[in-house]
Every structure is written in structure tokens, then in C-alpha cells.
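Novice: Each residue of the sequence shown is one higher than the one before, counting from 1 in full-length UniProt numbering.
Ideal Cβ positions, reconstructed from N, Cα and C, are used throughout, including at glycine.
Computed from a predicted structure; not experimentally measured.
Once you've had a glance at the structure underneath, I'll fire off some questions.
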Amino acid sequence: MPRPDISLTSALGLPAVYVKDARKSFGDKVVLRDVSLQIGHGEVVSLIGPSGAGKSTMLRCLALLDTFDSGELAYGNVRVCANEPGSEKTTYDKAAMRQARMRFGIVFQNYNLFPHYTVLKNVMDAPIVVQKRDPKEVEEQARALLEQLDIADHADKVPDQLSGGQQQRVAIARALCMNPQVIFFDEATSALDPKLTQDMHRLIRRLATDGMAVGIVTHEMGFAREVSDRIAFLFDGQIVEEGTPDEVLVHPTDERTKKFLANAED
């Protein structure tokens, strides 16, 4: 797997992802309320919580598919947005947004592959178009990633010719081909059988070992416990409990966390 270049942010002692006091509303509905979260290099952090808690909105804002109304967001030494002095509204820096997009990848729940592209072209497209990299270099890296993810034999197929697990691995290869420092997974184990779930666990831990920061949105408590270094429980737009898997899932202190976990076991 490609090792992210984290030399500068590590030297500065900065987390890979930094969110402080983030708020987001849709009309009168407040979806995120003063959320603060950090993900360090080589760390896996899972975001859990009931439906409607704000997990998907948080992920979309982290991936710059949507914007926070107020608060601060930074990727390492790149500050994407912050509140103006004396203002409760955040301002986004467009140049910083472009830089930040080079630092993270995201694997969506539905994978979002281009249906008319081959597997290889799906993986190669963004590094060539967005990063303006040499096509030969990108193809070499893309084929190596497909080999490592055990889908090299499918390079010339289109997504409809693949299983769900194979499509997911293509989406992962596509994200990794951008050489990100951070990777986000939206429901990483959704619809995967037990073997593929274990494969995903090993892959995520390998990425973290290589220094990548990993953020996961999941409803699978067992998977979150096994793969995560930290877990944040989001409820009604707020992180109400955060800690190690044992602290949050085995010995929670907040009544809302306890109730959620009890319902998840039913």
C-alpha cells in the first residue's frame, strides 16, 4: 500500500484531521452542534450513533461535499475554514480546499464508480485529471494497487461485471491511488459477508500501520470495536461520548450511549 507523506504535519505535531466547534443546520433544523473531533496519523476513529444523529452530514462536511456553518476544519497544516473574528459564521478558503482535497480519499457506501469506465480507468482517472500526474506512473501504481487488493484480473471489466465486494475494493484502490494522508469509509462493511468484513478489518489496520489516518462511519458495533483506536458516539448532533472501544462500547458513562447500545443488541 502507498505510504502517505506525513513528514511535515508529524514534525509540526498536528493531527491529520482537526474539527473544532462545528455547527451545521438545514433551515431551522440543527444537525451538528459544536462538534469537535481529531484524527491522528496512524489512528482509526469510528463515528457511531443512531439514524439522524448527524453522522452522514459530518462525513459530507469532512469530505468538503458540504460546508459547516461555523467552526474550524483543518487537514494537518492546511486550515480549510475558521470563524471570522467576532463572527459566528465560518469562512472557507478556496485555495486551502483544493489543497485539502489532495490529502484525503473517501470510499462511499455505494462506491460511486463510473459505470462506463473499466476498473483500471476508474482507479486512474482522478490522479491524472485532478493531480495532473504522468499517466504511465499512475497506471503502474493503479495496477499495483489492484494486485494488492486481489482484483488485478478484473482490470478491464466494468463495475456491473463485479460483485459488491469487488466494487468496494475498486473504490478503495481509487482512493489510495491519490496517495492520501486520510481516508474516510462510509459504512465500510455494509452488505459484506464475514470473510470480506475480516478482510476489510485487516486492510484498515494495515493502512493505519502505514501512517494513514482513517475515519469510519459505521452501524456495526462489533466491527467498530475490533478496528478502532477511538470511537465517538454522536447523538442529536453532538458527540456525547468518546474514548477507546472498551470505554465507549463496554463501559459507557452517558445514559444515551447505554440506551443506544442496548437497542443495538436487540
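(1) Buried or exposed: which applies to Asn122, given that a residue is buried once 16 or more other Cβ atoms fall within 10 Å of its Cβ?
(2) From Phe104 to Gln238, what distance separates their C-alpha atoms?
(3) Which residue's Cα is closest to the Cα of Pro127: Tyr117, Gln141, Val119, His116?
(4) Could you give the C-beta distance for Ile216 and Ala173, rounded to a whole number, given that I count them as a contact under 8 angstroms?
(5) List in chain order: all unbroken beta strand (DSSP E) runs of 3+ residues lying wholly within the stretch 203-251.
(6) Which residue wins for smallest C-alpha separation from Val35, given the options Phe114, Phe223, Cys61?
(7) So, under 8 angstroms CB-CB, Ala232 and Val45 are touching, yes? Tell me the CB distance rounded to an integer number of Å.
(8) Which residues bound the alpha helix (DSSP H) around Thr90?
(9) Over what stretch of residues does the beta strand (DSSP E) that includes Gln38 continue unbroken?
(10) Are there 16 or more other CB atoms within 10 angstroms of the CB of Arg101, so buried, or fewer, so exposed?
(11) Does the beta-carbon distance from Ala224 to Ile48 come in below 7 angstroms?
(12) Whose C-beta lies closer than 8 angstroms to the C-beta of Leu234 among residues of the same chain, with five residues either side of it excluded?
(13) Where Val165 and Ala95 are concerned, what is the direct C-alpha to C-alpha distance, given to the nearest angstrom?
(14) DSSP three-state label for Cys177, please.
(15) Take Gly40 as the anchor and find which of Arg206, Val182, Asp246, Lys258 has the nearest alpha-carbon.
(16) Exposed or buried, which one is Phe114 when buried takes at least 16 other CB atoms within 10 Å?
(17) Would you tell me roughly how many angstroms separate the C-alpha atoms of Ser190 and Gly86, rounded to the nearest one?
(18) Measure the C-alpha to C-alpha separation of Asn112 and Ala171 and round it to an integer number of angstroms.
(19) Considering just the uninterrupted stretch of the alpha helix (DSSP H) at Val182, what are its terminal residues?
(20) Would you kindly work out how many angstroms separate the C-alpha atoms of Asp156 and Gln109, rounded to a whole number?
(21) Residue range of the alpha helix (DSSP H) that Leu261 falls in?
(22) Looking only at DSSP bridge pairs, what is Asn83 linked to?
(23) Tell me Ser25's beta-bridge partners as DSSP assigns them.
(24) List in chain order: all unbroken alpha helix (DSSP H) runs of 4+ residues lying wholly within the stretch 125-164.
Specialist: So, to answer that:
(1) Position 122 of the sequence shown, counted from the start, is the residue given in the question as residue 122. Result: buried.
(2) As a first step, residue 104 is located in the sequence shown; it is residue number 104 there, counting from the start. As a first step, residue 238 is located in the sequence shown; it is residue number 238 there, counting from the start. So the alpha carbons of these two residues sit roughly 24 angstroms apart.
(3) One-based indexing of the sequence shown puts residue 127 at position 127. Minimum Cα distance to Pro127 is reached at Gln141.
(4) Here residue 216 refers to the residue found at position 216 of the sequence shown. Here residue 173 refers to the residue found at position 173 of the sequence shown. That belief does not hold up - the Cβ atoms of Ile216 and Ala173 are roughly 18 angstroms apart, past 8 angstroms.
(5) 213-217, 230-235, 238-243
(6) Residue numbering aside, residue 35 sits at position 35 when the sequence shown is read from its first letter. If we check each option's Cα against that of Val35, Cys61 comes out closest.
(7) Here residue 232 refers to the residue found at position 232 when the sequence shown is read from its first residue. Here residue 45 refers to the residue found at position 45 when the sequence shown is read from its first residue. About 7 angstroms separates the two Cβ atoms, so the contact holds.
(8) Mapped onto the sequence shown, residue 90 falls at position 90. No alpha helix (DSSP H) contains Thr90, which is instead part of the beta strand (DSSP E) from 90-92.
(9) The residue labelled residue 38 in the question sits at position 38 within the sequence shown. Where Gln38 is concerned, the enclosing beta strand (DSSP E) stretches over 29-39.
(10) On the sequence shown, residue 101 is found 101 positions in, with the first residue counted as 1. Per the 10 Å Cβ criterion, buried.
(11) What you label residue 224 is simply residue 224 of the sequence shown in a count that begins at 1. What you label residue 48 is simply residue 48 of the sequence shown in a count that begins at 1. Going by C-beta atoms, Ala224 is nearer than 7 angstroms to Ile48.
(12) Here residue 234 corresponds to residue number 234 of the sequence shown, with the count starting at 1. Excluding positions up to five away in sequence, the list reads Val35, Leu47, Ile48, Gly49, Ala53, Gly54, Lys55, Met58, Val240.
(13) By 1-based counting over the sequence shown, the position of residue 165 is 165. By 1-based counting over the sequence shown, the position of residue 95 is 95. The residue you asked about is not Val; residue 165 is Gly in the sequence shown. For Gly165 and Ala95, the distance between alpha carbons rounds to 36 angstroms.
(14) As a position in the sequence shown, residue 177 is number 177, starting the count at 1. The answer is coil: DSSP assigns Cys177 none of H, G, I, E or B.
(15) Locating residue 40 in the sequence shown gives position 40, counting from the first residue. Of Arg206, Val182, Asp246, Lys258, the residue nearest in Cα terms is Val182.
(16) Taking the sequence shown and counting its residues from 1, the one referred to as residue 114 is at position 114. Classification of Phe114: exposed, given that the 10 Å Cβ count is below 16.
(17) Position 190 of the sequence shown, counting from 1, holds the residue named residue 190. Position 86 of the sequence shown, counting from 1, holds the residue named residue 86. Cα to Cα, Ser190 sits roughly 43 angstroms from Gly86.
(18) Position 112 of the sequence shown holds residue 112. Position 171 of the sequence shown holds residue 171. Approximately 8 angstroms between the Cα atoms of the pair.
(19) Translated into the one-based positions of the sequence shown, residue 182 becomes position 182. Annotation: Val182 is outside any alpha helix (DSSP H); the continuous beta strand (DSSP E) that includes it extends over 182-186.
(20) For this step, residue 156 is matched to residue 156 along the sequence shown. For this step, residue 109 is matched to residue 109 along the sequence shown. Distance between the alpha carbons of Asp156 and Gln109: 23 angstroms.
(21) Counted from its first residue, the sequence shown places residue 261 at position 261. Run containing Leu261: 255-265, per the alpha helix (DSSP H) assignment.
(22) For this step, residue 83 is matched to residue 83 along the sequence shown. DSSP lists Thr90 as partners of Asn83.
(23) Within the sequence shown, residue 25 is the residue found at index 25, counting from 1. Paired residue(s): Val30.
(24) For the stretch 125-164, whole alpha helix (DSSP H) runs of length 4 or above, ordered along the chain, are 135-148.
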